[in-house]
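Counting along the sequence shown from 1, when you hit position 313 you're at 313 in our numbering, and nothing is skipped either side.
First the structure, in the form of structure tokens, and then the observations on it.
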Amino acid sequence: MAAYYVTTPIYYVNDAPHLGHAYTTVAGDVLTRWHRQRGEDVWFLTGTDEHGQKIMRTADANGVTPQEWADKLVAEAWRPLWEHLEIANDDFIRTTEPRHTQRVQEFVQDLYDKGEIYKGSYTGPYCVGCEEFKSPGELLEGDLCPIHKRPVEWLEEDNYFFKLSEYGPRLLEFYENNPTFIQPASARNEVVQFVKSGLQDLSISRSSFDWGIPIPWDGKHVIYVWVDALLNYATAVGYGSDQEKFDRVWPADVHLVGKDILRFHAVIWPAMLMAQGLPLPGRVFANGWLMVGGEKMSKSNLTGISPRQLTEHFGVDAYRYYFLRAIPFGQDGSFSWEDFSARYTSELANDFGNLASRVAAMVGKYFDGKLPAPAAETPEISGALATAVTNADRAIGDDLDFAGGLAHIFDFVRKVNLYLSEQEPWKVAKDDSPEGRAKLATILYTAAEALRGVAVLLNPVMPATAEKLWVSLGAEEHLGPLAEQRIAEAGTWGRLPEGATVTKGEILFPRLES
1 MAAYYVTTPI YYVNDAPHLG HAYTTVAGDV LTRWHRQRGE DVWFLTGTDE HGQKIMRTAD
61 ANGVTPQEWA DKLVAEAWRP LWEHLEIAND DFIRTTEPRH TQRVQEFVQD LYDKGEIYKG
121 SYTGPYCVGC EEFKSPGELL EGDLCPIHKR PVEWLEEDNY FFKLSEYGPR LLEFYENNPT
181 FIQPASARNE VVQFVKSGLQ DLSISRSSFD WGIPIPWDGK HVIYVWVDAL LNYATAVGYG
241 SDQEKFDRVW PADVHLVGKD ILRFHAVIWP AMLMAQGLPL PGRVFANGWL MVGGEKMSKS
301 NLTGISPRQL TEHFGVDAYR YYFLRAIPFG QDGSFSWEDF SARYTSELAN DFGNLASRVA
361 AMVGKYFDGK LPAPAAETPE ISGALATAVT NADRAIGDDL DFAGGLAHIF DFVRKVNLYL
421 SEQEPWKVAK DDSPEGRAKL ATILYTAAEA LRGVAVLLNP VMPATAEKLW VSLGAEEHLG
481 PLAEQRIAEA GTWGRLPEGA TVTKGEILFP RLES
């Protein structure tokens, strides 16, 4: 069975990760965890981009070699943060690893041997921050990069060029035949118009510095960092070294990227693959920017907030939840402490956490902690759970609409809260008749079984919290580990058995300190 293969961008190691990096990586983690709980074979890749002029200059400024700088940042910043955020990646690729550099040289050599690469010269603007050749028409007044708002540099170099201009018609045909290849629709429209305006051949080497992978036939040149970087998606899964693995995993199903690097992934990357005769990815999905004070989050703009600043206050699971719930994936979104605090209190602590606490407490109080058998099914709740599962599965698993999928789940949580408010089990408990006890058993079983479904649905998003709920419901003893529960079965009513031991564990979302 072919693997469901998801990638994040590989991130520059010129600095420590900020919220924008973590936003994309958490989205990839949730998506792959969701597909694992569909029962699919999944492969999730992230990593670091360690070549190029920007890395070299950062290392020089810190008095170390580029390799020493990359090693330090990966060991002390990038890997520890992904572990802290519960990122369950299957691989972490570094572009300085031999498994990558050797395959990149082979790929580029093949293109050169096929006549896809020729020697020429480049004269024009270059943004070191983007590591991108710019056209004069893209620049802001004063020759500023539109992304970094800093002056570009003027390059005059002898370089090698890839015949990108010849791939315009093939790319447009591919976009037409594969309308979901670039998402969201606004990103697709941008790329289509860009390609229709005419492509220029791509400089694929640099000769003014040496921090990069050498061109195999000309040691005076290093491979342009973006050609090097894009190939990580193939080299990490066995291109040129493990054909069996490559055939099982490639092509990627989803490349998650920031919208500022969309053209590299939606134009240059598929053209490179076409030139090599390799299958193209299924989707390139461009998420929007995280904004703070109206500006794109970045270290250079002094808006780069560390994820740990937020997790220390709200917790890791609330962090994972908030950004995917508050910002429709694919659109720009603004972050504020106030909005995070409001959603934490309203949605997580009050709606969800309080529901779990109330149900466990009442089962403990009225049935000595043993889940009672229901006298009847409650169709309005069982039906709503099945609907929530169907809608959330489509939204998150298929459409990458994380905000929409979470909205379906929390609409169901609110429905269960309303059910308890209307049924008033604390009043029903005063009726000691067989009919009263049967009604109370049905109410509490319904609420507990609803929470079982919610635990399965929220496990990809908030794994630690969902696990606490799963244990509290006594579900593991009867149904097995939460991670092995299938999304489709979350909506199958009646799986939590009579007699399961329900315990009131720690508060899922404690009151925030001011």
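Every residue gets a Cβ at the ideal spot worked out from N, C-alpha and C, and that includes glycine.
Per DSSP, the bridge partner or partners of residue i
i, result
"A207", "Checking the displayed sequence, the identity of residue 207 turns out to be Ser instead of Ala. According to DSSP, S207 bridges with nothing at all."
"R94", "T48"
"R283", "V254"
"P214", "V222"
"M362", "DSSP lists no partner for M362."
"L164", "DSSP lists no partner for L164."
"I10", "G47"
"H117", "According to the sequence shown, residue 117 is Ile rather than His. F162, per the DSSP bridge assignment."
"Y4", "V42"
"I182", "V284"
"L202", "F162"
"S346", "DSSP output for S346 lists no bridge partner at all."
"K370", "T501"
"G453", "According to DSSP, which records beta bridges pairwise, G453 is partnered with nothing at all."
"S433", "None, per the DSSP bridge assignment."
"G333", "L290"
Close-in-space but distant-in-sequence residues of the same chain around residue i (CB under 7 Å, 5 per side omitted)
i, result
"F264", "W226, L230"
"G404", "A395"
"N14", "K54, I55, T58"
"F329", "A27, N287, L400, D401, F402, A403"
"A361", "K504"
"G436", "V428"
"Q331", "G288"
"E138", "P146"
"K370", "G499, T501"
"D317", "M462, A464, T465"
"V471", "G505"
Start and end residues, alpha helix (DSSP H) containing residue i
i, result
"T235", "232-235"
"F174", "168-177"
"P307", "307-314"
"V26", "19-36"
"V461", "First-last for V461: undefined, no H or E at that position."
"L479", "475-479"
"V292", "Careful: V292 lies outside any alpha helix (DSSP H), inside the beta strand (DSSP E) at 290-292."
"K196", "185-196"
"A342", "337-343"
"V249", "243-249"
Close-in-space but distant-in-sequence residues of the same chain around residue i (CB under 8 Å, 5 per side omitted)
i, result
"E249", "According to the sequence provided, residue 249 is Val. The question's Glu does not apply to it. Within the same chain, V249 has close Cβ partners A2, A3, Y5, W43, V237, G238."
"E506", "K468"
"P214", "Q105, H221, V222, I223"
"W217", "Q109, Y112"
"I117", "V108, L111, Y160, F161, F162, K163, I204"
"Q183", "R283, V284, F285, A286, G330, L400"
"V389", "G453, L457, I487, A488, A490, G491"
"L302", "Confidence in L302 is poor, its pLDDT being 41 and thus under 50, which makes the residue's placement too unreliable to answer from."
The beta strand (DSSP E) enclosing residue i, as first and last residue numbers
i, result
"N391", "Not the beta strand (DSSP E): N391 falls in the alpha helix (DSSP H), residues 379-392."
"A270", "As written in the sequence, residue 270 is Pro, which differs from the Ala given in the question. P270 -> not in any beta strand (DSSP E); alpha helix (DSSP H) instead, spanning 269-276."
"I409", "That residue, I409, is in no beta strand (DSSP E); its alpha helix (DSSP H) goes 402-423."
Chain-order list of residues whose beta-carbon lies under 6 Å from that of residue i (same chain, five-residue window excluded)
i, result
"E40", "Y4"
"T235", "H100, R103"
"Y12", "D49"
"F509", "L348, A349, G353"
"V191", "I182, A266"
"W34", "I396, G397, P460"
"T123", "E156"
"I443", "Q423, P425"
Contact test: residue i Cβ vs the ligand PLP heavy atom, cutoff 7 Å
i, result
"E347", "This structure does not include the ligand PLP; it has no bound ligands of any sort."
Test: residue i CB closer than 8 Å to a CB of chain C
i, result
"E424", "Considering every chain present, this structure includes no chain C. It has just one protein chain."
Exercise. Say whether the segment 468-482 touches the segment 372-379, bearing in mind that this needs 3 or more beta-carbon pairs closer than 8 Å, one atom from each stretch.
Key: A contact between stretches requires three or more CB pairs, one per stretch, nearer than 8 Å, and the segment 468-482 fails this requirement with the segment 372-379.
Quiz item: Which runs of the alpha helix (DSSP H) spanning at least 4 residues fall entirely within the segment 57-82, listed in chain order?
Solution: Correct list: 66-73.
Quiz item: If you pair each beta-carbon of the segment 272-291 with each one of the segment 17-29, do three or more pairs fall below 8 Å?
Solution: Touching, per the Cβ criterion.
Quiz prompt | At least three beta-carbon pairs within less than 8 Å, the segment 334-349 to the segment 479-494 | solution = Segments in contact, no.
Exercise. Inspect the CB distances between the segment 447-456 and the segment 413-425 and report whether three or more fall short of 8 Å.
Key: Because the criterion of three Cβ pairs below 8 Å is met, the segment 447-456 and the segment 413-425 touch.
Quiz item: For the segment 105-117 against the segment 60-80, are there 3 or more C-beta pairs whose distance is under 8 Å?
Solution: At 8 Å Cβ cutoff, the stretches do not touch.
Quiz prompt | Validate contact between the segment 351-359 and the segment 416-426 using beta carbons, cut 8 Å, 3 pairs | solution = Taking 8 Å as the limit for Cβ pairs, the verdict is that the segment 416-426 does touch the segment 351-359.
Quiz item: When the Cβ atoms of the segment 264-284 are set against those of the segment 150-160, are three or more pairs found closer than 8 Å?
Solution: They do not touch, by the three-pair rule.
Self-check item: Inter-stretch contact (C-beta, 8 Å, three-pair minimum) for the segment 82-97 and the segment 119-130
Solution: Cβ pair count under 8 Å is below three, so no.
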